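Residue numbers (the numbering used here): 1 to 306.
For each residue, glycine too, the CB sits at the ideal point set by N, CA and C.
Values in this document were obtained by computation on a predicted structure and should not be read as measured data.
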């Protein structure tokens, strides 16, 4: 059983590396193999790429890290002042304090980090002065993410009350989550893995279908050669290897990528850019399978005649 699985793993990586860059020696073979064979490879490729994504998520959001932050939040909530009450009603904030309140969290290196500030008289610019992630003012909630500040009017919320008593309920729920944390973590992670696999499989299959259809239409402009859409679609399962790998690599391990460079022109939206990249690789794959196949066959015949 183990030997059989190892053979399948070796077979997958053999096809993976052969498909990575379209070449004549392998892509001509695709014309002779069954469609189901290439489809199974595509499914295995999505599983492999989602496995890499899962490893990345485990590294960035490990159980130890999340469990630590849950305990840190619980500890911070426990120190919430008993004389502080915060009311949000009809788009306005009312606080029992006449001064700002600072909500601190202790990180894994025992350093205090300011994550939330309540300041009725503050404006948007104060979020940078406080060097905090969130700022609650008289009428708005400001959240800073990736260097950009998002404004959320308090009128978007229903009536909210924060005090020592209401926070006890939140702490009780946190305690319940901490008690069964690893069970929750396992099922949530399993759900995310299955969901991302199904979603990415369907989305990428749709992209490949559209890209293959566009390539097939372009090929039909040369009626002297016979092309079959099924074979073009089959070639796309292999030709998409490198674009999909780069896509997942950029999302899963962004810190491996080189320093970002600002372009003088605005780049295409990612869906169009990804579709364009797929079309290019499918065209190269079809060329290697069809055109190079014919040119090599023609050269062989010519050498045989001479």
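Item	Value
Cα-Cα separation between residue 101 and residue 119, rounded to whole angstroms	7 Å
Member of 286, 289, 211 and 135 whose CA lies at the smallest distance from the CA of residue 152	135
Contact check, residue 73 vs residue 105, beta carbons under 8 Å	yes
When 289, 189, 243 and 280 are compared against residue 59, the one with the closest alpha-carbon	189
Residue 143: first and last residue of the uninterrupted beta strand (DSSP E) it sits in	140 to 145
Contacting residues, own chain, Cβ-Cβ under 6 Å from residue 163 (five flanking each side not counted)	85
Coarse secondary structure for residue 109, derived from DSSP in three states	coil
Unbroken alpha helix (DSSP H) run spanning residue 130, endpoints	126 to 130
Short Cβ contact (8 Å threshold) for residue 286 with residue 235	yes
Beta carbon of residue 67 nearer than 8 Å to that of residue 181	yes
Span of the beta strand (DSSP E) around residue 24	Unbroken run through residue 24 is the alpha helix (DSSP H), 24 to 30; no beta strand (DSSP E).
Secondary structure of residue 153, DSSP reduced to three states	strand
Counted within 10 angstroms of its Cβ, other Cβ atoms place residue 127 as buried (16 or more) or exposed	buried
Helix, strand or coil at residue 21 according to DSSP, with G and I counted as helix	coil
Residue 138 Cβ short of 7 Å to the ligand ATP heavy atom set	Looking for the ligand ATP in the displayed structure turns up nothing, as the structure carries no ligands at all.
Per-residue burial, residue 217 [other beta carbons within 10 Å of its own, 16 or more giving buried]	exposed
Status (buried if at least 16 other CB within 10 Å, exposed otherwise) for residue 281	buried
Of the residues 143, 130, 123 and 170, the one placed nearest residue 137, counting alpha carbons only	123
C-alpha gap between residue 260 and residue 51, whole angstroms	For residue 260, the predicted structure reports a pLDDT of 48, less than 50, and the residue's modelled location is therefore unreliable. The matter cannot be settled from this model.
Anticipated Cβ contact below 8 Å, residue 208 with residue 237, distance rounded	7 Å
Residue 30 versus residue 197: straight-line alpha-carbon distance, rounded	25 Å
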